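What follows is one structure encoded as structure tokens, with my remarks underneath.
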Amino acid sequence: MLEMTSRFVDTCMQIYRDKPSTSAFSILALVGGLAYWTQKADIDNTDRLESVRRAVKEPSKRFKTDTSSSKVLTLPDGRKLSYAEYGLPTGRPLINLHGLPGSRIEAAALEPVALRLGLRIIGVDRPGYGLSSAKSNCTLLDHAKDLIHLAEHLGLEEYAVLGTSGGGPYALACAYALPADKLKAVAVVCGMGAPDMSQKGMNFMHWAGFSFGYLYFPWICRLYMNREPHARLDLSSEERAVRLARLLLQAGNHPKDLELFETDYAEDIIRLLVPNHEASFGGQGADAVVQDGQVMCSDWGFKLEDVRKDLPVQLWYGNFDVNCPPIFGIETKERIGENAVLHLEDETHGSITFNLTWGGANGDRARVLQELVKSAGWEQN
Numbered sequence: 325m326l327e328m329t330s331r332f333v334d335t336c337m338q339i340y341r342d343k344p345s346t347s348a349f350s351i352l353a354l355v356g357g358l359a360y361w362t363q364k365a366d367i368d369n370t371d372r373l374e375s376v377r378r379a380v381k382e383p384s385k386r387f388k389t390d391t392s393s394s395k396v397l398t399l400p401d402g403r404k405l406s407y408a409e410y411g412l413p414t415g416r417p418l419i420n421l422h423g424l425p426g427s428r429i430e431a432a433a434l435e436p437v438a439l440r441l442g443l444r445i446i447g448v449d450r451p452g453y454g455l456s457s458a459k460s461n462c463t464l465l466d467h468a469k470d471l472i473h474l475a476e477h478l479g480l481e482e483y484a485v486l487g488t489s490g491g492g493p494y495a496l497a498c499a500y501a502l503p504a505d506k507l508k509a510v511a512v513v514c515g516m517g518a519p520d521m522s523q524k525g526m527n528f529m530h531w532a533g534f535s536f537g538y539l540y541f542p543w544i545c546r547l548y549m550n551r552e553p554h555a556r557l558d559l560s561s562e563e564r565a566v567r568l569a570r571l572l573l574q575a576g577n578h579p580k581d582l583e584l585f586e587t588d589y590a591e592d593i594i595r596l597l598v599p600n601h602e603a604s605f606g607g608q609g610a611d612a613v614v615q616d617g618q619v620m621c622s623d624w625g626f627k628l629e630d631v632r633k634d635l636p637v638q639l640w641y642g643n644f645d646v647n648c649p650p651i652f653g654i655e656t657k658e659r660i661g662e663n664a665v666l667h668l669e670d671e672t673h674g675s676i677t678f679n680l681t682w683g684g685a686n687g688d689r690a691r692v693l694q695e696l697v698k699s700a701g702w703e704q705n
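Here the sequence shown stands for residues 325 to 705, numbered as in the working numbering.
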């Protein structure tokens, strides 16, 4: 504890030297955030939690959650890049970029819809996640280059890219950097905004993390991540599932999120998220997550205004999203220009993913993939 306090004071002094005008407020906000973090409340959902505990013992009926489809590519610099494939093997290729935290297994959620739309889904672990090697000082554009090597390895003549939440900035880097003759369309779902964008509408914890936490207090962010159910690999999968469900059922969560637990779809979501997070933290632990956050908070290395103007870009944001608020979509659209289409939906950060991207309880609401297929010119006759 003494060591942690000493590191906290040292970091505070460094912020004071670098940015004296904002240091006091930043430090106060971070301390307040930690207090809030330790005071999370949940409501009595004993029956639902027990249902989740029982359900997670059985394989998902909807999503393929094993790791049998996982593969590893050795990159030119010797690093390993892991990926997994889902959907139609001969379908149109869609590269899926996971959230923060996340892993290649997240792409399994797209398989039911992909089979109907004729898509081949390729989920990729970013550096340090899952089975992918870590890369120091990694940038958004570095990962885009990795994906070029992967596409060449798989012999993809053309493809589209989908990035969700923390995968959003990487998808936009692909829009900027990937070959124009290969990349046919990009979609971003509730993606993190550029560091210089307004953060209006973002909740306190995400604002604190992305404003200064990842850059100035990475050890606290690591501590936070390691405390969350995502990273508790010391617990059984059943216990992690229950803790994750309890997090989703917290008092104060939006009704859109609570509605998910009114059907057995929620149980399938939990069945997928548990192995997804296990793969995410099973490699470098929280270090990869913290580095990922630092990459997103730093200069992106390109301007959104320079994304090519003939590339269809679909932007999906939820009006009720307090993690990645709609202002990110609005400003991203303004910077990219007319080739970007902005969809503002009455959804939260979770529901826009679980419903409009993964398809919802009945699998019939996957507008994100439907519109991506159209924008890429891949509509089936």
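From the three backbone atoms N, C-alpha and C, an ideal C-beta is built for every residue, glycine too. These numbers were taken from a predicted model, which means no experiment stands behind them.
- Aspartate 688 places its beta carbon 8 Å or farther from that of lysine 385.
- Counted as a single uninterrupted DSSP element, the beta strand (DSSP E) harbouring tyrosine 407 occupies residues 404–411.
- Scanning the stretch 614–683 for uninterrupted alpha helix (DSSP H) segments of 4 residues or longer gives 650–660, listed from N- to C-terminal end.
- Judged by their CB atoms, cysteine 621 and tyrosine 538 are nearer to each other than the 8 Å cut-off.
- Cβ atoms of alanine 499 and valine 510 come within 8 Å of each other, at about 5 Å.
- The alpha-carbon of isoleucine 446 is positioned some 15 Å away from that of valine 697.
- Annotation for lysine 388: Tyr410, Ala432, Glu435 place their beta carbon closer than 8 Å to its own, counting only its chain and skipping 5 residues before and after.
- Taking a cut-off of 8 Å on C-beta distances, the stretch 622–635 does not touch the stretch 551–564, as fewer than three cross pairs fall below it.
- A direct Cα-Cα distance of roughly 14 Å separates serine 427 from valine 614.
- In this structure serine 560 is exposed. Its beta-carbon is surrounded by fewer than 16 other beta-carbon atoms within 10 angstroms.
- Residue ranges of uninterrupted beta strand (DSSP E) with 3 or more members, entirely inside the stretch 433–487 and ordered along the chain, are 443–448.
- Fewer than three beta-carbon pairs drawn from the stretch 491–507 and the stretch 519–529 are found closer than 8 Å, and the two stretches are therefore not classed as touching.
- Around the beta carbon of glutamate 703, fewer than 16 other beta carbons lie within 10 angstroms, which makes this residue exposed.
- Aspartate 616 sits buried, since 16 or more C-beta atoms from the chains shown fall within 10 Å of its C-beta.
- Leucine 421 is positioned such that its CB atom lies closer than 8 Å to that of alanine 495.
- Around the C-beta of tryptophan 640, 16 or more other C-beta atoms lie within 10 Å, and the residue is accordingly described as buried.
- The DSSP-derived three-state label of proline 542 is helix.
- For asparagine 420, the enclosing beta strand (DSSP E) has its first and last residue at 416–421.
- Valine 513 is bridged by DSSP to Thr488, Trp640.
- With respect to the 8 Å criterion, serine 489 and glycine 452 are not classified as neighbours on the basis of their beta carbons.
- With fewer than 16 other Cβ atoms from the protein chains shown falling within 10 Å of its own Cβ, asparagine 686 counts as exposed.
- Phenylalanine 652 sits buried, since 16 or more C-beta atoms from the chains shown fall within 10 Å of its C-beta.
- Here DSSP, grouped into helix, strand and coil, assigns valine 380 to coil.
- As the crow flies, the alpha-carbon of tyrosine 483 is around 22 Å from that of lysine 404.
- Per DSSP, the unbroken beta strand (DSSP E) holding serine 394 starts and ends at 394–398.
- Membership of glutamine 694 in the alpha helix (DSSP H) is indicated by the continuous run 691–699.
- Here glutamate 695 has Gln638 as same chain residues with Cβ atoms under 7 Å from its own Cβ, once five neighbours each way along the sequence are excluded.
- At a Cβ-Cβ threshold of 8 Å, glycine 491 and glycine 423 count as neighbours.
- Beta-bridge partners of leucine 507 (DSSP): Tyr483.
- Secondary structure at tryptophan 702: coil, using DSSP grouped into helix, strand and coil.
- Here DSSP, grouped into helix, strand and coil, assigns glutamate 552 to coil.
- Between the alpha carbons of alanine 497 and aspartate 470 lies a gap of roughly 12 Å.
- Sorting Val566, Ser406, Leu418, Tyr548 by C-alpha distance to the C-alpha of leucine 597 places Val566 at the top.
- By the C-beta density criterion, serine 460 is exposed, having fewer than 16 other C-beta atoms within 10 angstroms.
- Per DSSP, reduced to three states, the secondary structure at arginine 567 is helical.
- 8 Å or more divides the Cβ of glycine 609 from the Cβ of lysine 633.
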